[in-house]
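**Q** Can you keep this structure in mind? I'll have questions shortly.
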Amino acid sequence: MPRKRRSTKSRIVKAAWNLFYKNGYDCTTVEDIIALSKTSKGTFYHYFKGKEALLNSLSYLFDEKYEELSSVIDPNLSAYDKLLFLNHELFYMIETSVDIQLLAYLYSSQLITKDKKSLSDKKRFYFKWITEILEDGLKNNEFKNTSSAKELMNIYAMYERAMLYDWALFKGKYSLTEYSDRLLPHVLDTFVNGI
């Protein structure tokens, strides 16, 4: 995808989710999104059929965060520490900038949609990068080779989805970031010791 197209779509997605978080989904109009993203109505509708289509773009926003983190993460960190860092940063971004009701809506819509399920799309940057980190962990004998990188990826993704689902289910009554910071090491320890 050409860089200009990507940055335009990215601006629209970021503007929409910023407005959804600040004003709520129902109080945000397409016109608000167009104004904040500094695009035109035609450009908006080139990328999205309407405001509802943006609900499925949350995984795009997550991947953007991962791409941003890929340029700042210390390459010398262990695979274990990279996963702790990435999970912490993503969950902090979600906790501080994503409307929890919209997150819950996205999760419920993924169960019934006939369209592509964005959260489980293996072509996402998220799946590719985390799998690479897991492969490195296996190659460096940091993780026991009783499971493949693909199997570990499935467990890791399932853990993150479960944490987000549970947090939304309890309407954010606890810190997602702090809770995951306490639980994720137990999951990663099973990678170290073997499943």
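Here this note's numbering is used: the first residue of the sequence shown is -15, the next is one more, and so on. For glycine and all other residues, C-beta sits at the position ideal for the given N, C-alpha and C.
(1) Do Thr23 and Thr(-8) come within 9 Å of each other at the CB atom, strictly closer than that value?
(2) Quick one, which of Leu45, Phe4 and Phe127 has its alpha-carbon nearest Tyr110's?
(3) Starting from the C-beta of Ser62, find all residues in its chain whose C-beta is less than 7 Å away, skip the five residues before and the five after it, and write them out in chain order.
(4) For Thr27 and Ile18, I'd like the C-alpha separation in whole angstroms.
(5) Using the three-state DSSP reduction, which class does Asn125 fall into: helix, strand or coil?
(6) In or out: Asp182 buried (at least 16 other Cβ within 10 Å) or exposed?
(7) Is the CB-CB distance between Ile(-4) and Tyr50 below 9 Å?
(8) Using 9 Å as the threshold, is the C-beta distance between Leu42 and Leu86 below it?
(9) Between the segment 150 to 163 and the segment 75 to 83, do three or more beta carbon pairs fall short of 8 Å?
(10) Locate the alpha helix (DSSP H) running through Val171, then write down its first and last residues.
(11) CA-CA distance, Asp65 and Glu162?
(12) Using a C-beta cutoff of 9 Å, does Val171 count as contacting chain B?
(13) Using a Cβ-Cβ cut-off of 8 Å (strictly less than) and excluding sequence neighbours within five positions of Tyr140, which residues of its own chain qualify?
**A** For this structure:
(1) One thing to note: Thr(-8) has its Cβ within 9 Å of the Cβ of Thr23.
(2) Leu45
(3) Glu126
(4) 9 Å
(5) coil
(6) The requested residue 182 is not part of the displayed model; the chain covers only -15 to 179.
(7) Taking 9 Å as the Cβ cut-off, Ile(-4) and Tyr50 do not qualify as a contacting pair.
(8) Going by C-beta atoms, Leu42 is nearer than 9 Å to Leu86.
(9) The segment 150 to 163 vs the segment 75 to 83: in contact.
(10) Leu160 to Asn177
(11) 16 Å
(12) Absent here is chain B; the protein component of the structure consists of one chain.
(13) Leu67, Ile114, Leu118 and Val171
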